[in-house]
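Peer 1:
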Amino acid sequence: MKNILKIVFLGIVGFSILVYLTMPKNVNKINNKNVTITIETIPKYFDIVGNNPYTKVENLFKLGEEKYIIVLNHDALAVFKELYKYTDKNNIVLVANISNTPWIIKQIAVNGELEKMYKNSKIPLINDSDGNFISSLGLNDNKQNKYFVYKLTNNGIVMKIGESKVKEGALEKSLSLDEVEKSLNEMKKILE
Numbered sequence: 078m079k080n081i082l083k084i085v086f087l088g089i090v091g092f093s094i095l096v097y098l099t100m101p102k103n104v105n106k107i108n109n110k111n112v113t114i115t116i117e118t119i120p121k122y123f124d125i126v127g128n129n130p131y132t133k134v135e136n137l138f139k140l141g142e143e144k145y146i147i148v149l150n151h152d153a154l155a156v157f158k159e160l161y162k163y164t165d166k167n168n169i170v171l172v173a174n175i176s177n178t179p180w181i182i183k184q185i186a187v188n189g190e191l192e193k194m195y196k197n198s199k200i201p202l203i204n205d206s207d208g209n210f211i212s213s214l215g216l217n218d219n220k221q222n223k224y225f226v227y228k229l230t231n232n233g234i235v236m237k238i239g240e241s242k243v244k245e246g247a248l249e250k251s252l253s254l255d256e257v258e259k260s261l262n263e264m265k266k267i268l269e
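Sequential numbering of the sequence shown, starting at 78, is according to the working numbering.
1. Tell me whether V96 is buried or exposed, calling it buried when 16 or more other Cβ atoms sit within 10 Å of its Cβ.
2. Check whether the region 116 to 123 and the region 192 to 210 touch, using three or more Cβ-Cβ pairs below 8 Å as the test.
3. Please classify V85: is it buried, with 16 or more other beta-carbons within 10 angstroms of its beta-carbon, or exposed?
4. Need the endpoints of the alpha helix (DSSP H) that M264 sits in, please.
5. Does the count of Cβ pairs from the region 165 to 178 and the region 143 to 155 closer than 8 Å reach three?
6. Taking the straight line between their C-alpha atoms, what separation do you get for V257 and D124?
7. Give me, in chain order, the residues of the same chain whose beta-carbon lies closer than 6 Å to that of V226; leave out the 5 immediate sequence neighbours on both sides.
8. Use the C-beta contact count for Y195: other C-beta atoms within 10 angstroms, 16 or more gives buried, fewer gives exposed.
9. Checking the sheet assignment: what are the DSSP bridge partners for K144?
10. List the residues that DSSP assigns as beta-bridge partners of M78.
11. Considering only C-alpha positions, which residue in the set I234, Y161, E192 is nearest to T113?
12. Straight-line CA distance for D218 to L82?
13. What residue range does the alpha helix (DSSP H) around N217 cover?
14. Rounded to whole angstroms, what's the CA-CA distance from K244 to N262? Just pull it up for me.
15. Assuming L137 is part of the beta strand (DSSP E), what are its boundary residues?
16. Take the Cβ of L140 as the centre, count every other Cβ of all protein chains shown within 10 Å, and call the residue buried at 16 or more, exposed below.
17. Compute the distance between the beta-carbons of L191 and L154, then report whether it is under 9 Å.
18. If you draw a straight line from the C-alpha of V126 to the C-alpha of V134, how long is it?
19. For the beta strand (DSSP E) that contains I169, what are its first and last residues?
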C-alpha cells in the first residue's frame, strides 16, 4: 500500500512539474501607460485561427497601412463572430484574448471551438492563448464581457480608440438578435 501511495504522489508531483514547465509565459508585458505602443511592439509571430495557423507580423501588419485591432475577451468572442457581415471595412483584425483560460482547457476545447465559431469569418482572428499580443498592447483587463478597439495608424503607432462591454454570459447563453445588434452598432460607432 505504501508503494502505491508513493507512486501516486510522485505521479502527481511529476505531472504538476510538467504542466508548470510547459505553460506559456507572458514575457512582453508593457504596464507603463506612458509607453508608446508601435508596430514594433507587436509580437513577431502569432497564430491565426483557420488556414494560416503560424503567421509573421508583416503578413498582417505593415507600416503605412491603417488597421483596426479589436481585442475580444471571452463573451465578446460570441457576439462579434459575424462582424464581417455588418461592416465593409477590410482592415480589421480580431484578437481572441483567451490567456486567462486554464492551459489544459485551451488545449482540449477552446482552440477547436474558436475554429468552429470563426470558420466563415472574412476577418482574421489571432488566437492569443499565451497572452503575448495583449501584453504588447499593455492590456491587462481580462473582464470576460469586455472588448477593446485599437487603431494602427499609417506611421506605425497603435492607439486605443475605444472599449465597451457585451452582455455578460454571452458565450454560454444565447443572445437575442436585438442584443447582438446593439453591440454591433456600438462597434460601428467606434470604427467610424
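In this text, a Cβ means the ideal position worked out from N, Cα and C, and glycines have one as well.
Peer 2: Taking the structure as given:
1. exposed
2. yes
3. exposed
4. 254 to 268
5. yes
6. 27 Å
7. I147, I238, G239, I267
8. buried
9. L229
10. BP columns for M78 are empty, so no partner.
11. I234
12. 42 Å
13. Counting along the chain, N217 falls outside any alpha helix (DSSP H), and DSSP gives it neither H nor E.
14. 14 Å
15. Where L137 is concerned, there is no enclosing beta strand (DSSP E), given that its DSSP letter is neither H nor E.
16. exposed
17. yes
18. 15 Å
19. 169 to 174
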